[in-house]
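Residue numbers (the numbering used here): 4 to 102.
Cβ atoms here follow ideal geometry from the backbone N, Cα and C, with glycine treated the same way.
This one's a predicted model, so the numbers in the text were calculated from it and none came from an experiment.
Notes to accompany the following structure.
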């Protein structure tokens, strides 16, 4: 049985798009909270936008072929850091809301 070389890159591209979509949703919510909140919320929104832009850059480089085909050594750690950062933002908001 031969492997279809077109399926794996498509699944990878779709996974990157899902990650970017999730980060976009979190970033939009974070900006909404910042507009209605305090300076602390604005700092968190800035961090969310930075993580979103970094992930957007990695996704764009992979999709257009501007980056290495096998992935850059920073693409996975950068995305993992962005996802962990977004989770931390959620925890901070929950803890802040409990006061």
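Review point. What residue from 81, 59, 47 has the CA that sits closest to residue 99's CA?
Key: Selected option, being the one with the closest Cα: 47.
Practice item. Confirm, please, whether the CB-CB distance from residue 57 to residue 166 is below 8 Å. Key: Nothing about residue 166 can be reported from this structure: the residues present for the chain run from 4 to 102 only.
**Study point:** Cβ-Cβ distance between residue 29 and residue 45 below 8 Å
**Key:** The answer is no: Cβ separation not under 8 Å.
Exercise for review: Please classify residue 8: does DSSP put it in a helix, a strand, or coil?
Suggested key: In the three-state DSSP reduction, residue 8 falls in the coil class, being neither helix nor strand.
Practice item. Quick one: give me the first and last residue of the alpha helix (DSSP H) that residue 96 is part of. Key: Residue 96 -> alpha helix (DSSP H) spans 78–100.
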